[in-house]
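S.K.:
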Amino acid sequence: MFPWKSTLIIDSLASRAKYLQLTDQLIKEISAGRLVPGQKIPGTRQLAGLLNVNRKTVIMAFEELQAQGWLDIKSSSGTYVSMKLPITNAKSISSSNIPYDNFNIRLINNYDFIPSYESISSASINIDGGSPDYRLAPIDWLYKECRSLSKSNYGQRLLAYGGVKGNEELRISLAKYLGETRGMILSKENILITRGSQMGIFLTMSGLLKPSNNVVFGSTSYDAAEWAALNSQANIIRVNVDQNGIDTDHLASICMQQKVHMVYVTPHHHFPTTVTLSNERRIHLLQLSLKYKFVILEDDYDYDFHYASNPILPLASLNAGGNVIYIGSFSKIFAPNVRVGYLVANEEVIENLSRLRRIIDRQGDQIMQRVIAESITSGELNRHLKKSLNVYRHRRDSFSKMIDSEISDYATYKMPEGGMAIWCEFKGLKLEELKPIINSRGLYMDIDPDLSMRFNALRLGFASINEKEQKKAFEILGPAVKQLASSTSS
Ligand SMILES: Cc1ncc(COP(=O)(O)O)c(C=O)c1O
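In terms of the numbering used here, the sequence shown has 205 at position 185, counting the first letter as 1, and numbering is strictly consecutive.
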């Protein structure tokens, strides 16, 4: 007897209609050979009862499956798996032990160095690792601009195949903007538009590194950048990080011992600890790069969010030898789903990396890129930045007060000068043990297994939740931390 009840699971919270969920699952069972041609399917009333769904749902699924040729509905005797289907003995993907068993290829890499992402229930309160609040994005303005493009011939032309380096207006306005805001001297020929910083990191590492090249990362660092290096089969070398960012004296001693090909840095602000790379070290790093001929990959994801003073100019603005490849993004400024970022480098590198980009992505979203160009020239970008900087500064301050009042006996941190997260080190409890407790109470925190194991620390993102939400989060976090700490000490 086929286990209908345990095999066919209908999720009443899913966005896909129930009858389509049932359709999908029956197709899966037939394709996998677990339901065979000629096999009788329970009647609509019986199946609806077994699955605890309305009978209409089952009727609609059967009709859909009949229309697609999977089922035969015979008014006299019932519903059967179609006899016209070939008998398959296919194993389901999950039950096959050897991946790609039937192909002449094997996985080159199983990417097990990249964790799979948990999806967070929208019902939970989420303290993320430092994301912007997408609710602040000027969505009306963005869409109004998209709409006004639709009315012009020019706007419609953006739907066609375009240049791989990105929208021309954006490259021109960005070159001017980066000059005005970051002191970078450049033209559009130095800019390649990417889908966010991550693509820039990937292109740089894939295009410039050979297997066994040495790439230096901080002792703490941005994992997704390390994945790009690992994907290029480069060696990762660690340099110490302290209150002033990566320790360039340590880097100098590494360079004396071995050839360094690339150094990845997040000067504003070091990921994950949020410290700013000091001016002195910036100059030292540039000198080392000229002396030892390594590329600096400057990931300036956080430049626009500096609360204490004006941000320090990027390394790329002092890029005398052209050794710095600079990466920026609009993900933090507008919203993560606005997949527009940019890579700044000398023309030869831009030309090369744009050809590499052509392989994985023919072009970016020309319309959104054009709208972002408009946000720069019209001043909307600056208005939005000013507003969000203010909001985030207040959120940082309220969040830090809550750490002080709720968990200060167990957590230490230094107020970050910028960014969207507070780097918090825990004592008297293990972060990994905290996770199931808070999850069960509806609070999700971005507890990186590696960072929590090595430092018992994590980034507490304050920017994406308002004060009311922060309060709710601490109503769960505070008692959970105290409970765990007292059970740990006893
Ligand atoms: C240090 C760092 N670099 C790059 C990125 C990727 O940003 P994007 O959304 O622009 O790809 C992030 C995202 O959080 C980040 O933290």
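The beta-carbon is built from N, C-alpha and C at its ideal position, and this holds for glycine as well.
Cα-Cα, which of I427, R416 and R461 is closest to L449?
M.R.: Along the sequence shown, read from residue 1 onward, the residue named residue 449 stands at position 429. Minimum Cα distance to L449 is reached at I427.
S.K.: Taking any heavy atom of ligand 1 as the mark, which residues have a C-beta closer than 6 angstroms to it, listed down the chain?
M.R.: Those residues, listed in chain order, are G216, S217, Q218, Y242, T286, F291, D319, Y321, S349, S351, P356 and G361.
S.K.: Quick one, which of K171, K185 and V101 has its alpha-carbon nearest E367's?
M.R.: Sequence index remark: in the sequence shown, residue 367 carries index 347 (1-based). For the residues K171, K185 and V101, the minimum Cα distance to E367 belongs to K185.
S.K.: Can you list, in chain order, the residues of its chain whose CB lies under 7 angstroms from that of S193, leaving out five sequence neighbours each side?
M.R.: Within the sequence shown, residue 193 is the residue found at index 173, counting from 1. A393, I396 and T397, listed in sequence order.
S.K.: Jot down the residue ranges of each uninterrupted beta strand (DSSP E) in the stretch 343-418, minimum 3 residues, whole runs only, in chain order.
M.R.: 344-349 and 361-364
S.K.: Taking the CB atoms as reference points, tell me whether E318 and V344 lie closer together than 8 angstroms.
M.R.: Position 298 of the sequence shown, counting from 1, holds the residue named residue 318. Position 324 of the sequence shown, counting from 1, holds the residue named residue 344. Between E318 and V344, the C-beta gap is smaller than 8 angstroms, which places the two residues in contact.
S.K.: Compute the Euclidean distance between the alpha carbons of D429 and F419, then round it to the nearest angstrom.
M.R.: Here residue 429 refers to the residue found at position 409 when the sequence shown is read from its first residue. Here residue 419 refers to the residue found at position 399 when the sequence shown is read from its first residue. Each residue's alpha carbon lies about 16 angstroms from the other.
S.K.: Which residues in the same chain have their Cβ closer than 7 angstroms to the Cβ of E165, if we skip the five residues on either side of it in sequence?
M.R.: The count along the sequence shown starts at 1 and reaches residue 165 at position 145. Answer for E165: V391 and E394, listed in chain order.
S.K.: Please state whether the Cβ-Cβ distance between Y242 and T286 is less than 8 angstroms.
M.R.: One-based indexing of the sequence shown puts residue 242 at position 222. One-based indexing of the sequence shown puts residue 286 at position 266. Cβ distance < 8 angstroms, so Y242 and T286 count as in contact.
S.K.: Please confirm if the stretch 321-339 is in contact with the stretch 402-415, defined as three or more CB-CB distances below 8 angstroms between the two stretches.
M.R.: yes
S.K.: Using a Cβ-Cβ cutoff of less than 8 angstroms, which residues in the same chain neighbour H290 once the five nearest sequence positions on both sides are dropped?
M.R.: In the sequence shown, counting from the first residue as 1, residue 290 sits at position 270. Around H290: G238, T240, V261, G265, I266, T296 and L297.
S.K.: Does A34 pass the burial test, meaning 16 or more other C-beta atoms within 10 Å, or should it be called exposed?
M.R.: As a position in the sequence shown, residue 34 is number 14, starting the count at 1. It is exposed - the Cβ of A34 has fewer than 16 other Cβ atoms within 10 Å.
S.K.: Per the contact definition of three or more C-beta pairs closer than 8 angstroms, is the stretch 485-496 in contact with the stretch 450-465?
M.R.: yes
S.K.: Can you tell me where the beta strand (DSSP E) holding W443 begins and where it ends?
M.R.: Locating residue 443 in the sequence shown gives position 423, counting from the first residue. Looking at the DSSP string, the run of the beta strand (DSSP E) that includes W443 is A441 to F446.
S.K.: For my contact list, I47 and W90 are in at a C-beta cut-off of 8 angstroms; report their separation, rounded to the angstrom.
M.R.: Sequence index remark: in the sequence shown, residue 47 carries index 27 (1-based). Sequence index remark: in the sequence shown, residue 90 carries index 70 (1-based). Right, their Cβ atoms sit about 6 angstroms apart.
S.K.: Select from A355, D269, Q218 and A157 the residue whose C-alpha is nearest the C-alpha of W247.
M.R.: For this step, residue 247 is matched to residue 227 along the sequence shown. The shortest C-alpha separation from W247 is found at Q218.
S.K.: So what's E209 in DSSP terms, helix, strand or just coil?
M.R.: Start at 1 with the first residue of the sequence shown, and residue 209 comes out as number 189. Helix, per DSSP.
S.K.: Within 8 angstroms of any Cβ in chain C, is that where the Cβ of G438 sits?
M.R.: Of the chains in the structure shown, none is chain C; there is only one protein chain.
S.K.: Spell out a yes or no on whether the stretch 331-342 and the stretch 169-188 are touching, meaning 3 or more CB-CB pairs, one atom from each, closer than 8 angstroms.
M.R.: Judged by Cβ distances under 8 angstroms, the stretch 331-342 makes no contact with the stretch 169-188, as fewer than three pairs qualify.
S.K.: Considering only the alpha carbon of each residue, which of K434, R403 and L363 lies closest to Q263?
M.R.: By 1-based counting over the sequence shown, the position of residue 263 is 243. Comparing Cα-Cα distances from Q263 to each of K434, R403 and L363, the minimum goes to K434.
S.K.: To test your reading of the DSSP string, which unbroken beta strand (DSSP E) runs of 3 or more residues are found completely within the stretch 135-223?
M.R.: 145-147 and 211-214
S.K.: Give the DSSP bridge partners of A431, in chain order.
M.R.: For the purposes of this step, residue 431 is taken as residue 411 along the sequence shown, with counting starting at 1. Answer is F446, bridged to A431.
S.K.: Could you please give me the residues that DSSP links to L91 through a beta bridge?
M.R.: Numbered from 1 along the sequence shown, position 71 holds the residue referred to as residue 91. Under DSSP, L91 takes part in a beta bridge, and its partners are V101.
S.K.: Could you check what DSSP says for L480 in three-state terms: helix, strand or coil?
M.R.: The count along the sequence shown starts at 1 and reaches residue 480 at position 460. Collapsing the DSSP output to three states places L480 in a strand.
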